[in-house]
Every structure is written in C-alpha cells, then in structure tokens.
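*Asks:* First the structure, then my questions, so here it is.
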Amino acid sequence: MPGQEEKLAVAGKIEPEFNRHYAKTAKRYGAAGILCMILFVGYLLGVIVFGSEYITYDNMRYLIRDFGTAAGEVAREFGKIVYNGSGDTVFAYFRGGAAVCTPDAYRYFDKNGTQIIADPLNYADPVLAPSEKYMLVYDMGGVGYSVYNQLTGIVSKETEERIIAADIADDGSLVLVTRSKDTKFVVELYNAAFNKTMEVYKDGYVLGVAMSPDGKQFLVASAVQASTDFNCEIQICERGSAESVAKETISHAMPLSVHATEDGFTVLCDTAVYYYDRYGAEVKRVSLAGMSLKYADIADGRIALTGQVNALGSEHRVLVLDGAGEVLFDKTMRSRLSGIRAGRGEDALCYLVTSEGVIRVAPDGSQAQESPESGDILDVIPLGVGALLCQKNAAYQIFVGKK
349 MPGQEEKLAV
359 AGKIEPEFNR
369 HYAKTAKRYG
379 AAGILCMILF
389 VGYLLGVIVF
399 GSEYITYDNM
409 RYLIRDFGTA
419 AGEVAREFGK
429 IVYNGSGDTV
439 FAYFRGGAAV
449 CTPDAYRYFD
459 KNGTQIIADP
469 LNYADPVLAP
479 SEKYMLVYDM
489 GGVGYSVYNQ
499 LTGIVSKETE
509 ERIIAADIAD
519 DGSLVLVTRS
529 KDTKFVVELY
539 NAAFNKTMEV
549 YKDGYVLGVA
559 MSPDGKQFLV
569 ASAVQASTDF
579 NCEIQICERG
589 SAESVAKETI
599 SHAMPLSVHA
609 TEDGFTVLCD
619 TAVYYYDRYG
629 AEVKRVSLAG
639 MSLKYADIAD
649 GRIALTGQVN
659 ALGSEHRVLV
669 LDGAGEVLFD
679 KTMRSRLSGI
689 RAGRGEDALC
699 YLVTSEGVIR
709 VAPDGSQAQE
719 SPESGDILDV
729 IPLGVGALLC
739 QKNAAYQIFV
749 GKK
C-alpha cells in the first residue's frame, strides 16, 4: 500500500499541458460570437426603426405559415375533444387532428384532444376545405375567408362579392369562385402570398372548383342550361395561361362535387363518377344508374357514396371506389342512412351514419356498429385508426382496437 500512495502523490503534481494555438483559436471564436450577437442586435434595431410600418400581426402570422407542416399521423388513440357546438357545426380531418367550425368560431384539436386554435369568426354558413398542409375556411354566400395551418391562423380576408366555392393547394395558393357584376361568376386565382394572379369568367352556374396539390392547375365544374335540362361543363385551367387546358360538356348531368389528386381530377355528377387526368382526358366513368344519390364523401382519392334504391328510402346502395375508379365495395343495405364518410386507414372502407349509431365497413366487407349513449350524431371524422363520433358539444373516438 505505501507504494500506491507514492504513485498517487506523484500523479497529483502533474499539470495539464498548455497549448497556445488552441487558446488563441478559442479566443477568436469567442470574439466572433460576441461580434455576431452585436450585429444581430443592430439588425433587429434597424428593422424596428426603419421597417416598423411593415411589422404587423398579419405579417407575423404569415411568417409562420409553414411551421409544423411535417407532422404526420400515427396509429394511436385520439383524446376526447370538447367544444361549444350547435346544429350548424361542421367537422373535418386535418393533419392528424380534428377541425371543428361553427358560425362564430374555428377550432383545431390535436391528436390528444388538446385545443390548439380557437379563432373567432362571423360566418353565416362556414365551409371547411382542407389540403394536406392548409385549412381554408370560407363563408358560403358571404365574403369572408381564412387560412390556417395546424398551429395558427395565417390570413383572414374578405372578397368584394359573395363566395360560391373555393379550394386551396398544398403550396398555399387558392382559388375562389365569386359572383360577378360582368358575368354570372368569376374564378379568381391567388398565389401563396394571397395576391390575385388570374381570373376566369364563367356564364354557367359554377357548382364546384378543385385545385391540384401543386397549385398549377384547377378544374371548374358548372351547370349549363340546355333546353329543358342541364349539362355539366368542366374546364381545366393552368396557372399563368389564358388558354384552357381542356373543356368538356357532359350531357344531362348535374355536377355535385369535384376533387383534385396528384394524377388528375374526380368529378361527381348525379348520374356517374368521372375520372380525368390532368389534361382533361377521361380515364374512367362509373355509372350511378339505379340509385338516387343522397350522400357522398371523397378522401385521399377514395370516394364513398350512398343513395336510395326504392321510393320509401328503406334500402340504400353503398358504393366505395378507389382513386382509379375500381369498386371496393358495392352492396344494397336495408337501412336508413343519414350520412357517409370515406375511411382513411386500413381498418375501414367507409363509415355509415344511421339514426342508431355508426356502421364501419371493413375492407373484407364485414360490418361493426357503435352507438352513442345519448344525443344525436352530427358527423363522423375518419382517422388513421377508427373515427371520431361528433355530437353537439363533444367528440370521441370509436372502433378503437376493433378489427
């Protein structure tokens, strides 16, 4: 042991070697850091002094428009959400969470059921139009519209004329259809900075508009009177071009809804579902003969429809198509349906709303039902796993862990 104590004593007298080169380098980096901090503070002061007129609340909200856009959905349980709703409340899935909109407020809840956004509105008839990155809220028949991401509101504006339809792309550009003093309707294209860049005037009654995810093209569907009937006119336009990419008339058809995908457009009419590529060439059509269409929903390219097949309404045909128009499910059910939603996850093709509850149709065609303990069902929001059953003042997840 005495030998070990001597070794420790010797080791304690050793001093670390001093390297002058590294010491000078450290001082230089320290001085550079202080200089950068001084320059940054000077820059901020200059911006505040000389650019104060441009520092507004709206500009700050626009600055963070892309924050949080990389979030995705994972398979998990969704927390219960609580809100102050009414019979006019509308719902939508948005970036893994739930958007809940009433005439007086827009709210967004994340996967845990936590309220992230609560923005007051004054819209008589709010409509939710989500893209993969942005949520467009507009007042149907009014003049107001707002754009949100999953963290905050980006912009809130008003148009000069009443809004009839609208859609937004993933790059932030949007298209608005408003009434016009010169013609019946005008289609207005705005870029990501919300500056108007293009106008298309329409004499037909515009019933729908859809914008491609990249914002380069948009489709306008109009009802055009022909003798004693109506035809559906579709027009595909390209950003920055005065000439239409394609224009076609579908005889004896009324356009009901339009949707854009990466590959083209889907047009839902009362007589059939039409699939077009980005240049207006018809790829496929699926006839809806034999059913009186009542409800439809399009999500991630998949479309789910239901309609009466008898006069009493006691039998409904349920039809689910994939993004290419192939039939995934087609069955007549002896049930009175009051709504349908296309499924998003692998556990469901669609969700059917009845007076007693919600029916989930699985990919193998099997069905399961869940019913609320009390209260009416206003809507269903399909999730990656299960769905949210939405009532007047709260929504909670159903079909959790069920196969």
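Residue numbers (the working numbering): 349 to 751.
Glycine included, each C-beta is placed from N, C-alpha and C at the ideal position.
Here the structure is a predicted model, which means the values were calculated and not measured.
1. Work out the CA separation of residue 425 and residue 748 for me, nearest whole Å.
2. Return yes when the Cβ of residue 585 is within less than 8 Å of the Cβ of residue 569, no when it is not.
3. What are the start and end residues of each continuous beta strand (DSSP E) run of 3 or more residues lying completely inside the stretch 481-546, in chain order?
4. Using only alpha-carbon positions, find the residue among 578, 452, 459 that is nearest to residue 473.
5. Are the CB atoms of residue 731 and residue 693 within a distance shorter than 8 Å?
6. When we look at the beta-carbon of residue 449 and count the other beta-carbons within 10 Å, is it buried (16 or more) or exposed?
7. Considering only C-alpha positions, which residue in the set 684, 499, 464, 437 is nearest to residue 655?
8. Quick check on residue 418: buried or exposed, where buried means 16 or more other Cβ atoms within 10 Å of its Cβ?
9. Considering only their Cβ atoms, is the gap separating residue 610 from residue 622 smaller than 8 Å?
10. Would DSSP call residue 726 helix, strand or coil?
11. Label residue 614 either buried or exposed according to how many other C-beta atoms from any shown protein chain fall within 10 Å of its C-beta, with 16 as the threshold for buried.
12. What does a CB cutoff of less than 6 Å around residue 577 pick up in its chain, not counting 5 residues either side in sequence?
13. Could you tell me which residues DSSP pairs with residue 583 in its beta bridges?
14. What does the alpha-carbon distance come out to for the pair residue 420 and residue 445?
15. In this structure, how does DSSP classify residue 632 when only helix, strand and coil are distinguished?
16. Span of the alpha helix (DSSP H) holding residue 385?
17. What is the rounded straight-line gap between the Cα of residue 701 and the Cα of residue 441?
18. With H, G and I counted as helix, E and B as strand and the rest as coil, what does DSSP make of residue 613?
19. What is the rounded straight-line gap between the Cα of residue 518 and the Cα of residue 509?
20. Would you kindly check if the distance between the Cβ of residue 706 and the Cβ of residue 725 is under 8 Å?
21. When you compare only the Cα positions, how much space is there between residue 757 and residue 454?
22. In whole angstroms, what is the alpha-carbon distance linking residue 643 and residue 504?
23. Within the same chain, show all residues whose beta-carbon is closer than 8 Å to that of residue 737, passing over the 5 residues directly before and after it, in chain order.
24. Quick check on residue 605: does DSSP put it in helix, strand or coil?
25. Does residue 732 come out as helix, strand or coil in the three-state DSSP assignment?
26. Confirm, please, whether the CB-CB distance from residue 465 to residue 433 is below 8 Å.
27. Run the CB neighbour count on residue 349, radius 10 Å, all protein chains shown included, and call it buried at 16 or more, exposed below.
28. Counting only the same chain and skipping the five closest in sequence on each side, list residues whose C-beta sits under 6 Å from that of residue 597.
29. Closest by CA to residue 591, which one among 662, 566, 489?
30. Which residue wins for smallest C-alpha separation from residue 620, given the options 559, 606, 714?
31. Just the Cα atoms here: how many angstroms apart are residue 687 and residue 392?
32. Keeping to the same chain, check which residues put their C-beta closer than 7 Å to that of residue 617; ignore five residues upstream and five downstream.
*Replies:* This is what the structure gives:
1. 7 Å
2. no
3. 483-487, 492-496, 501-506, 511-516, 522-527, 533-538
4. 452
5. yes
6. buried
7. 684
8. At residue 418, the pLDDT of 48 sits below 50, so the modelled position is not reliable and the matter cannot be decided from this model.
9. no
10. coil
11. buried
12. 600
13. 568, 595
14. Residue placement at residue 420 cannot be trusted, given a pLDDT of 48 that sits under 50; the coordinates are not used to answer.
15. strand
16. 368-398
17. 17 Å
18. strand
19. 25 Å
20. yes
21. Residue 757 lies beyond the stretch modelled for the chain, which goes from 349 to 751, so this question has no answer here.
22. 31 Å
23. 706, 718, 720, 725, 728, 743, 744, 745, 746
24. strand
25. coil
26. no
27. Unreliable placement is indicated for residue 349, whose pLDDT of 48 sits below 50; the coordinate value is still reported in the next sentence. Label assigned to residue 349: exposed.
28. 579, 581
29. 566
30. 606
31. 54 Å
32. 580, 598, 601, 602, 603, 604
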